[in-house]
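So the protein lines, in turn, are chains Y and H. Quick note: the first sequence, position 168, residue 339 per the working numbering, numbers continuous. Quick note: the second sequence, position 57, residue 228 per the working numbering, numbers continuous. Think of the CB as a built atom: it goes at the ideal place given N, C-alpha and C, for glycine as much as any other residue. Given the structure is predicted, the values throughout are model-derived calculations rather than measurements. I have placed the structure first, in the form of structure tokens, so that the comments after it can refer back to it.
Number of protein chains: 2
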Amino acid sequence: MTTSGVVPQARFSAQARLRALQSDIMELILERELEAGDPLPTESELSVALGVGRNTLRESLKVLQALGVIEIRHGFGMFVAPSNFDALADGLTFRGRLSLRHQGLEALQLVDVRQALESGLIGSSMDVMTPEQLASIEEAVKQMEDLAAAGENFVAADAEFHRRLFEPLNNELLINLMGVFWKVYRKIHVEIGPGNEDLMKTAAMHRNIYAAVAAGDKASASELLNRHFDGIRRRIGEAVGD
Amino acid sequence: MTTSGVVPQARFSAQARLRALQSDIMELILERELEAGDPLPTESELSVALGVGRNTLRESLKVLQALGVIEIRHGFGMFVAPSNFDALADGLTFRGRLSLRHQGLEALQLVDVRQALESGLIGSSMDVMTPEQLASIEEAVKQMEDLAAAGENFVAADAEFHRRLFEPLNNELLINLMGVFWKVYRKIHVEIGPGNEDLMKTAAMHRNIYAAVAAGDKASASELLNRHFDGIRRRIGEAVGD
DNA sequence: GGGTTATCGGATGTAGGACGTCCGATGCTC
DNA sequence: GAGCATCGGACGTCCTACATCCGATAACCC
């Protein structure tokens, strides 16, 4: 009807266009050599520069924010983000919970991956571990034991233990990934109920892992970690089987 | 100023509200026990049900689509998605390229994680590998050698080799993650230029890995993989150092 | 009557405008 | 000079209108 049929490009699927728009924004950041923390153009400027409406643009921007590429501050502006894996964690959590309704397959796969990372990298981490870092690990163990003695749950302390275990590697990506796995597992753990796990036993298991690390026994540490994950896997299996 | 100060909830940051909205949508899916492939309510229905405008809702929807939680089909509807890690790959690729401008730190971390996964899981994969799967691996090696002999690059064949190496584990999450890492590395590889790598040498290295796997020598396979990644790491280091 | 094509309805995609909300910065008052 | 009010810019939300796409129904032709 309209006479403006001069649309040049054969329209791809809408999804492809949205992804192209995201790529364009990222390319723009790279081209202008913006660093983490640097400000981006305003939404209005971007919508003009990229030739799309502000609404369409915002949808792409929100995705980039979720991916941890940019940071949006209300009333101030948009900036290149340092790092953020929260969104990924949410997505994986959702999949894990969804899978629990069936066989818990994805949840178990998640544990497998985490196990490979932890038992595979514990040796490297021990190689470059400082005495201070070793002490901070024991501190985390102590905290778990205290909480266990008080009968309280120690999700945070447990996560902290594992984080400190691999802090020496100085690999943010790894820490973030493990954080994601942890977050997912924690959510799933809530879903499958408090369980009848023995807090003291769990704390003792972590004490053993610490002992192996302190002794410099890589093989033993790796093996203990493996057994730790076997327990987790068994618990998920029980939850699914009921 | 206005007398309508009856707003019940103390307004959190806009970002928190958006995340809450995403969670609400995912909760809605879980509550209604929707399975992968099942249709979601329409945008209009959702915007009414969740008490937000269609525009705001769509921003959350697009994020969920990017996270692989839902699938949106233009003119048809929205559905619970099976799985999709493309968005994550894009985000990580961006970070990797961004980091190349500095020390290439994140790119190297990415290689570390992938190395831990591959060398850590090769043993488990060999445990459950069938003769057919082993044969398919050799096939991939052969393809690499043919391409190398022809002087052509073999990015796809290389990726396929690594994929088949861990296919026996039947762990989709792992395959997806490795796919992400591969995609990122490939993009970075393009960025740092074709390099002066020796195709024949690379192909031969993969042949060696295959040989160790075929011989059932786990330690050797793991070690060869480690050396393979050392080469990749060196190449990134060279690209950054120029 | 069976297969093909045209039309229709519904759902998502895009655009633009209007207004609310938040934040930092400027300038004023005390 | 310190504290506070105001201002302007930028993001957040909503609404309306129209474009585009897809599947399904219904009309059509053979």
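Endpoints, the beta strand (DSSP E) within which residue 242 of chain Y is located
Translated into positions along the first sequence, residue 242 of chain Y becomes position 71. Note, residue 242 of chain Y: beta strand (DSSP E), 241-244.
Evaluate residue 278 of chain H with the Cβ neighbour count: other Cβ atoms within 10 Å of its Cβ, from every protein chain shown; 16 or more gives buried, anything less gives exposed.
Indexing the second sequence from 1 puts residue 278 of chain H at position 107. Its Cβ being crowded by 16 or more others within 10 Å, residue 278 of chain H is buried.
Does any residue of chain Y have a CB that is nearer than 9 Å to the CB of residue 250 of chain H?
Residue numbering aside, residue 250 of chain H sits at position 79 when the second sequence is read from its first letter. It does not; no Cβ of chain Y falls within 9 Å.
Report yes if the CB atom of residue 385 of chain Y is closer than 9 Å to the CB atom of residue 305 of chain Y, and no otherwise.
Looking up residue 385 of chain Y in the first sequence gives position 214. Looking up residue 305 of chain Y in the first sequence gives position 134. Closer than 9 Å, so yes.
For residue 333 of chain H, would you say it is in contact with chain Y, using Cβ-to-Cβ distances shorter than 9 Å as the test?
Numbered from its first residue, the second sequence carries residue 333 of chain H at position 162. No, residue 333 of chain H lies away from the interface with chain Y (no Cβ there is under 9 Å from its Cβ).
List in chain order: all unbroken beta strand (DSSP E) runs of 3+ residues lying wholly within the region 324-358 of chain H.
Counting whole runs of 3 or more residues, the region 324-358 of chain H contains no beta strand (DSSP E) stretch at all.
By DSSP, does residue 248 of chain Y sit in helix, in strand, or in coil?
Sequence index remark: in the first sequence, residue 248 of chain Y carries index 77 (1-based). Three-state DSSP puts residue 248 of chain Y in a strand.
At what residue ranges does the region 300-326 of chain H contain a whole run of the beta strand (DSSP E), taking only runs of 3 or more?
none
Which bits of chain H does residue 342 of chain Y rub up against, with CB to CB less than 8 Å?
If you number the first sequence from 1, residue 342 of chain Y lands on position 171. What residue 342 of chain Y touches in chain H: 280, 283 and 284.
Residue 274 of chain H: buried (16+ other C-beta within 10 angstroms of its C-beta) or exposed?
On the second sequence, residue 274 of chain H is found 103 positions in, with the first residue counted as 1. Under this definition residue 274 of chain H is an exposed residue.
Could you list which residues in chain H have their beta carbon closer than 8 Å to that of residue 197 of chain Y, in chain order?
As a working note, residue 197 of chain Y is residue 26 in the first sequence. The contacting residues are 261 and 265.
Residue 240 of chain H touches chain Y at which residues, Cβ-Cβ below 7 Å?
As a first step, residue 240 of chain H must be located in the second sequence, where it is residue number 69. What residue 240 of chain H touches in chain Y: 262 and 265.
Go to residue 195 of chain H, then tell me how far its alpha helix (DSSP H) extends in each direction, as first and last residue.
Position 24 of the second sequence holds residue 195 of chain H. Looking at the DSSP string, the run of the alpha helix (DSSP H) that includes residue 195 of chain H is 185-202.
Looking only at DSSP bridge pairs, what is residue 210 of chain Y linked to?
Numbered from 1 along the first sequence, position 39 holds the residue referred to as residue 210 of chain Y. DSSP output for residue 210 of chain Y lists Y:250 as bridge partner(s).
State the DSSP-derived secondary structure class of residue 363 of chain H, mapped to helix, strand or coil.
Sequence index remark: in the second sequence, residue 363 of chain H carries index 192 (1-based). It is coil, neither helix nor strand.
Indicate whether residue 284 of chain Y and residue 344 of chain H have their beta-carbon atoms separated by less than 9 Å.
Taking the first residue of the first sequence as position 1, residue 284 of chain Y is located at position 113. Taking the first residue of the second sequence as position 1, residue 344 of chain H is located at position 173. Result yes, Cβ atoms of residue 284 of chain Y and residue 344 of chain H sit closer than 9 Å.
From the beta carbon of residue 324 of chain H, is the nearest beta carbon of chain Y less than 9 Å away?
Locating residue 324 of chain H in the second sequence gives position 153, counting from the first residue. Answer no: the Cβ-Cβ gap between residue 324 of chain H and chain Y never drops below 9 Å.
Buried or exposed by the 16-neighbour rule on C-beta atoms within 10 Å, applied to residue 247 of chain H:
By 1-based counting over the second sequence, the position of residue 247 of chain H is 76. Exposed, because fewer than 16 other Cβ atoms sit within 10 Å of the Cβ of residue 247 of chain H.
So residue 245 of chain Y contacts chain H; which residues on that side make the cut at Cβ distance below 8 Å?
On the first sequence, position 74 is the one that residue 245 of chain Y refers to. Chain H residues near residue 245 of chain Y: 184, 185 and 186.
Within 9 Å of any Cβ in chain H, is that where the Cβ of residue 200 of chain Y sits?
Translated into positions along the first sequence, residue 200 of chain Y becomes position 29. Closer than 9 Å: yes.
Check the C-beta distance from residue 315 of chain H over to residue 337 of chain H and give it rounded, since I have them as a contact under 8 Å.
Locating residue 315 of chain H in the second sequence gives position 144, counting from the first residue. Locating residue 337 of chain H in the second sequence gives position 166, counting from the first residue. Not confirmed; about 17 Å, so no contact.
How about residue 312 of chain H and residue 381 of chain H: are their beta carbons less than 9 Å apart?
Counting from 1 along the second sequence, the entry for residue 312 of chain H is found at position 141. Counting from 1 along the second sequence, the entry for residue 381 of chain H is found at position 210. Yes, the Cβ-Cβ distance between residue 312 of chain H and residue 381 of chain H is below 9 Å.
Is DSSP giving residue 273 of chain Y helix, strand or coil here?
Residue 273 of chain Y sits at position 102 when you count from the first residue of the first sequence. Coil at residue 273 of chain Y, not helix or strand.
Applying a beta-carbon distance threshold of less than 7 Å, which residues of chain Y neighbour residue 226 of chain H?
Stepping through the second sequence from its first residue, residue 226 of chain H is reached at position 55. Going along chain Y in sequence order, the residues near residue 226 of chain H (Cβ under 7 Å) are 226.
Assign residue 264 of chain H to one of two classes, buried (16 or more other C-beta atoms within 10 Å of its C-beta) or exposed (fewer than that).
Reading the second sequence from its first residue, position 93 is the one you call residue 264 of chain H. Label assigned to residue 264 of chain H: buried.
What is the DSSP secondary structure of residue 369 of chain H, counted as helix, strand or coil?
Counting from one through the second sequence, the residue named residue 369 of chain H turns up at place 198. In the structure shown, residue 369 of chain H sits in coil (DSSP, three-state: anything other than H, G, I, E or B).
My output table needs one value for residue 238 of chain Y: the three-state DSSP class, helix, strand or coil.
Here residue 238 of chain Y is taken as the residue at index 67 of the first sequence, counted from 1. Here residue 238 of chain Y sits in coil by DSSP.
Whole angstroms is fine: what's the gap from residue 237 of chain H's alpha carbon to residue 211 of chain H's?
Translated into the one-based positions of the second sequence, residue 237 of chain H becomes position 66. Translated into the one-based positions of the second sequence, residue 211 of chain H becomes position 40. Roughly 16 Å separates the two Cα atoms.
Spatially closest choice to residue 197 of chain Y from H:347, H:375, H:267 and H:389, by CA coordinates
Walking along the first sequence from the start, residue 197 of chain Y turns up at place 26. For residue 197 of chain Y, the nearest C-alpha among the options comes from H:267.
How should residue 371 of chain H be labelled, buried or exposed, when 16 other C-beta atoms within 10 angstroms of its C-beta is the threshold for buried?
The sequence position of residue 371 of chain H within the second sequence is 200, counting from 1. Counting of Cβ neighbours within 10 angstroms places residue 371 of chain H among the exposed residues, the total staying below 16.
Would you verify that the beta carbon of residue 383 of chain Y is, or is not, closer than 9 Å to some beta carbon of chain H?
Residue 383 of chain Y sits at position 212 when you count from the first residue of the first sequence. No - not a single Cβ of chain H is within 9 Å of the one on residue 383 of chain Y.
Can you list, in chain order, the residues of its chain with a C-beta nearer than 7 Å to that of residue 175 of chain H? Leave out the 5 residues immediately preceding and following it.
Looking up residue 175 of chain H in the second sequence gives position 4. For residue 175 of chain H, the pLDDT reaches just 35, beneath the cut-off of 50, and the residue's location in the model is therefore unreliable, although a value from the coordinates is still provided. Hits under 7 Å: none found.
So, with DSSP's three-state summary, where would you put residue 294 of chain H?
As a working mapping, residue 294 of chain H is identified with position 123 in the second sequence. In the structure shown, residue 294 of chain H adopts helical secondary structure according to DSSP, grouped into three states.
Whose C-beta lies closer than 8 Å to the C-beta of residue 224 of chain H among residues of the same chain, with five residues either side of it excluded?
Working through the second sequence from its first residue, we reach residue 224 of chain H at position 53. For residue 224 of chain H, where only same-chain residues beyond five positions count, the Cβ hits under 8 Å are 218.
Between the C-alpha atoms of residue 302 of chain H and residue 296 of chain H, what's the straight-line distance to the nearest angstrom?
As a first step, residue 302 of chain H must be located in the second sequence, where it is residue number 131. As a first step, residue 296 of chain H must be located in the second sequence, where it is residue number 125. Between residue 302 of chain H and residue 296 of chain H, the C-alpha separation is close to 12 Å.
Where residue 402 of chain H meets chain Y, residues with beta-carbon distance less than 7 Å:
In the second sequence, residue 402 of chain H corresponds to position 231, counting from 1. In chain order: nothing, as chain Y lies at least about 18 Å away.
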